[in-house]
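Heads up: the structure comes next, in structure tokens.
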Amino acid sequence: MTTPSRFFPTSPAVPRWRALAAFLLLCASLSALAAQAPGKAAVATAHPAATVAALETLALGGNAFDAAVAVAGALAVVEPYGSGLGGGGFFLLREAGDTPTYRFLDAREKAPQAAHPDLYRRQGKVDPTLSVNGALAAGIPGLPAALVELAGRFGKLPLCDSLAPAIRLARDGFAVDRVYRERAGWRLAALRDDPESARLFLDDKGNVPEDRSLLRQPELAATLERLAREGRSGFYGGETAERLVSGVRAGGGVWSLRDLTDYQVVERRPLRFPLAEGRELISAPPPSAGGVALAQSLAILQQLPWRQVDAPQRSHYVLETLRRVYRDRGLLGDPDFIANPLARLLAPDYLASLAAGIDPRRATPSASLPPAPAWREGDHTTHFTVMDAEGNAVAATLSVNLPFGAAFSVPGTGVVLNDEMDDFAADPRGANAYGLSGSQANAVAAGKRPLSSMSPTFLESRERFAAFGTPGGSRIPSMVLLAILGDLDGRPVADWPAIKRYHHQYLPDVVEYEPGAFDAAQAADLQARGYTLKPLEASYGNLQVLAWDKAAGRVEAASDPRGIGEAQVMAVKRVERPAAAGAKPTAETVPVPAPVPVPAAADTKKPVD
1 MTTPSRFFPT SPAVPRWRAL AAFLLLCASL SALAAQAPGK AAVATAHPAA TVAALETLAL
61 GGNAFDAAVA VAGALAVVEP YGSGLGGGGF FLLREAGDTP TYRFLDAREK APQAAHPDLY
121 RRQGKVDPTL SVNGALAAGI PGLPAALVEL AGRFGKLPLC DSLAPAIRLA RDGFAVDRVY
181 RERAGWRLAA LRDDPESARL FLDDKGNVPE DRSLLRQPEL AATLERLARE GRSGFYGGET
241 AERLVSGVRA GGGVWSLRDL TDYQVVERRP LRFPLAEGRE LISAPPPSAG GVALAQSLAI
301 LQQLPWRQVD APQRSHYVLE TLRRVYRDRG LLGDPDFIAN PLARLLAPDY LASLAAGIDP
361 RRATPSASLP PAPAWREGDH TTHFTVMDAE GNAVAATLSV NLPFGAAFSV PGTGVVLNDE
421 MDDFAADPRG ANAYGLSGSQ ANAVAAGKRP LSSMSPTFLE SRERFAAFGT PGGSRIPSMV
481 LLAILGDLDG RPVADWPAIK RYHHQYLPDV VEYEPGAFDA AQAADLQARG YTLKPLEASY
541 GNLQVLAWDK AAGRVEAASD PRGIGEAQVM AVKRVERPAA AGAKPTAETV PVPAPVPVPA
601 AADTKKPVD
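Going by full-length UniProt numbering, the residue at position 199 of the sequence shown is 199; the numbering climbs one at a time, nothing skipped.
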């Protein structure tokens, strides 16, 4: 068993007994505050309709886990470009109690049993389009199983109650917004190539729907209803499963009914890493590489004077840290298939050596560091955070990989499938579809889960609890790191998702940065240090955060100003959802948060009988 001192982020000269004492003191401090409760609920999601779904569910007496089901279900409807029943995700949980309990639910998609390392090789060469577009690109979805697991094991409400907002949104429709139009525009050709996706997500002329037009998904509503009514068997068995498999195979995929029957959510031990000043990082373990990168980054920065220096010097320290931790991520993979070297990657002596190797004045060329495999994943996922008045909390990152996933929708289900198979190293012996070197640890294999950067994260101390997460593919860990540094700097919660972003991932050896991240003087300083800068034309990411100041009794939440999301804090008063016609209500019916209204406009997508 690994002793706590192995993970204590100080010099390797620190005596073992002191490291152990510090770790036990941290545990005692967290336990002493566990009896506290925030008294208010908070939620931050990437879409206003999902935030309303969470508030409605909390108002009905649900807890954070019920609200997470409601949010994930709503996002599956209104953000088909970022998540959905045809995708998967990671759920980081905090169960309030005398001592908080942290859990991590791995609902990442799995390769079908017919998958093999040469699945995408044709005539001796990998065809990159096969793992991006179409039915062959899809892994077995995990999100529906996760929703059933959350509701059944941790929730207070029936699954049908928590999925009611999503069903309503799918049946009645939602207004197309600028983000939907942007993402659909990026994948327009692929959506047009699949008749079912074109019918569902484009207008009658095969174009991106007009802004504020109404998009209805009655077939998805029926699929959600079967899931809500029958639970797991409502998706992984019966009518839905048969339609999924027959549709995938007709489209050239290799799914089987057994693939669906065998899919299971895996509960893994969250990555927990003690930090300075009594804080603890709780984040995603493999098959996410993100939690390891965050733990390494914070441990390295603690050994550098990042707080006491000017902006260019701070950026230099952060960039050199990112360069080193991203180099290590190619060593990680699905823990059910490979042994991940976490003890070595998080050992104090190793982290101290990484910090010591940073030149305070010059950039270190990536080519001068020992090589490690590089890889890339899709950039467009979604994230939400929610906490209830008792202190239960969920940080979840969900994905279908590229916008609209594989751009392949299964007829009769309304389900657009993921293209997460592209997150594997399709060519571990050479370059993958993005021209980056492959990794045997992340090679395609039957039943395997691809590596991911998704990093739902908590930061907890005696005085404070915070939750972070964002979409953004390989940039996720760097975005979450910058937000955490904002927290450690004492900046207001609203600032965390607004911090200007920059990124280095070892290879390619360039610094990407969004508009406004560096002024002219900072850019010149970094270039003089030896960095190659690559300004981006647009911002990226969609960070969602919340914080609970235990000492002050203050709860806050914030949504990324780059997106259209919404964050809300509310004092929860239980109400009842209006009863269905002819049903006898169980309590006095009072108003609940209403769905985001849709415009009175001609329907772009008409219901299908």
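Where a beta carbon is used, it is the ideal one built from N, C-alpha and C, also for glycine. The model shown is predicted, which means the values in this text are computed figures rather than measured ones.
Straight-line Cα distance separating residue j from residue i
{"i": "E196", "j": "A190", "result": "11 Å"}
{"i": "A35", "j": "G97", "result": "Per-residue confidence for A35 stands at a pLDDT of 48, beneath the threshold of 50, marking its modelled position as unreliable; the derived number appears in the next sentence. Near 7 Å, if we compare the C-alpha coordinates of G97 and A35."}
{"i": "W255", "j": "L136", "result": "9 Å"}
{"i": "V325", "j": "L482", "result": "15 Å"}
{"i": "L85", "j": "L485", "result": "34 Å"}
{"i": "L304", "j": "Y350", "result": "15 Å"}
{"i": "F65", "j": "Q527", "result": "47 Å"}
{"i": "A395", "j": "Q544", "result": "9 Å"}
{"i": "A558", "j": "V69", "result": "20 Å"}
{"i": "G473", "j": "R229", "result": "34 Å"}
{"i": "F408", "j": "D194", "result": "6 Å"}
{"i": "V555", "j": "G391", "result": "10 Å"}
{"i": "I499", "j": "V493", "result": "11 Å"}
{"i": "A552", "j": "G357", "result": "41 Å"}
{"i": "A538", "j": "S233", "result": "43 Å"}
{"i": "Y502", "j": "I140", "result": "33 Å"}
{"i": "V400", "j": "L58", "result": "27 Å"}
{"i": "residue 628", "j": "L169", "result": "As shown, the chain starts at 1 and ends at 609. That puts residue 628 outside it, with no answer to give."}
{"i": "L202", "j": "T99", "result": "50 Å"}
{"i": "G525", "j": "T470", "result": "The sequence given here places Asp at residue 525; Gly does not occur at that position. C-alpha separation (whole angstroms): 29 Å."}
{"i": "Q264", "j": "G142", "result": "8 Å"}
{"i": "T381", "j": "A42", "result": "21 Å"}
{"i": "A355", "j": "G516", "result": "28 Å"}
{"i": "R279", "j": "K550", "result": "13 Å"}
{"i": "D127", "j": "Q313", "result": "43 Å"}
{"i": "T51", "j": "V572", "result": "14 Å"}
{"i": "A441", "j": "V292", "result": "16 Å"}
Extent of the continuous alpha helix (DSSP H) run through residue i
{"i": "M479", "result": "476-488"}
{"i": "S315", "result": "311-328"}
{"i": "G234", "result": "233-236"}
{"i": "R268", "result": "That residue, R268, is in no alpha helix (DSSP H); its beta strand (DSSP E) goes 266-268."}
{"i": "S297", "result": "290-302"}
{"i": "Y513", "result": "Taken as a continuous stretch (DSSP letters only), Y513 belongs to no alpha helix (DSSP H), being part of the beta strand (DSSP E) at 511-513."}
{"i": "D262", "result": "257-262"}
{"i": "T223", "result": "218-230"}
{"i": "Y180", "result": "178-186"}
{"i": "E196", "result": "195-201"}
{"i": "P165", "result": "164-172"}
{"i": "A107", "result": "Element bounds for A107: not the alpha helix (DSSP H) but the beta strand (DSSP E), 101-107."}
Cβ-heavy atom distance, residue i to the ligand ATP, below 8 Å
{"i": "F408", "result": "Ligands are entirely absent from the displayed structure, and the ligand ATP is therefore not among its contents."}
Extent of the continuous beta strand (DSSP E) run through residue i
{"i": "I282", "result": "280-283"}
{"i": "E566", "result": "566-570"}
{"i": "Q544", "result": "544-549"}
{"i": "P144", "result": "Here P144 belongs to no beta strand (DSSP E); instead the alpha helix (DSSP H) covers 143-149."}
{"i": "L507", "result": "Element bounds for L507: n/a, residue is neither H nor E."}
{"i": "L93", "result": "88-95"}
{"i": "L459", "result": "457-460"}
{"i": "L136", "result": "First-last for L136: undefined, no H or E at that position."}
{"i": "L533", "result": "533-535"}
{"i": "L526", "result": "Element bounds for L526: not the beta strand (DSSP E) but the alpha helix (DSSP H), 520-528."}
{"i": "A557", "result": "554-559"}
CB-CB length for residue i against residue j, believed under 8 Å
{"i": "A44", "j": "L546", "result": "6 Å"}
{"i": "G87", "j": "N418", "result": "4 Å"}
{"i": "H383", "j": "R529", "result": "Actually they are not in contact, since the Cβ atoms of H383 and R529 sit about 32 Å apart, beyond 8 Å."}
{"i": "R327", "j": "L369", "result": "6 Å"}
{"i": "R187", "j": "L402", "result": "7 Å"}
{"i": "L220", "j": "G414", "result": "3 Å"}
{"i": "A76", "j": "S83", "result": "6 Å"}
{"i": "L346", "j": "Q296", "result": "7 Å"}
{"i": "G89", "j": "A146", "result": "7 Å"}
{"i": "V410", "j": "V208", "result": "About 22 Å separates the two Cβ atoms, so there is no contact after all."}
{"i": "S478", "j": "L322", "result": "6 Å"}
Closer than 9 Å to chain C by CB, residue i
{"i": "R171", "result": "No chain C is present in this structure, which holds just one protein chain."}
Contiguous beta strand (DSSP E) assignments of at least 3 residues, all confined to the stretch 35-83: Runs of the beta strand (DSSP E) spanning 3 or more residues and lying entirely within the stretch 35-83 occur at 41-45, in chain order.
Stretch-stretch touch, CB-based, cutoff 8 Å, three pairs: the stretch 256-272 with the stretch 198-218: Touching, no, given that fewer than three Cβ pairs across the two stretches are closer than 8 Å.
Stretch pair the stretch 442-460 + the stretch 273-288: three plus CB contacts closer than 8 Å: Here the stretch 442-460 lies against the stretch 273-288, with 3 or more beta-carbon pairs under 8 Å apart.
Unbroken stretches of the beta strand (DSSP E), 3 residues or longer, contained in the stretch 344-429: Uninterrupted beta strand (DSSP E) stretches at least 3 residues long and entirely within the stretch 344-429 occur at 381-387, 393-399, given in chain order.
Cβ contact check for the stretch 462-470 and the stretch 111-120: 3 or more pairs under 8 Å: Too few Cβ pairs lie closer than 8 Å, so no.
The stretch 439-449 in contact with the stretch 100-116 per 3-pair CB rule at 8 Å: Cβ pair count under 8 Å is three or more, so yes.
Cβ contact (3+ pairs, closer than 8 Å) linking the stretch 140-153 and the stretch 354-367: As far as the Cβ criterion goes, the stretch 140-153 does not touch the stretch 354-367, which means the pair count is below three.
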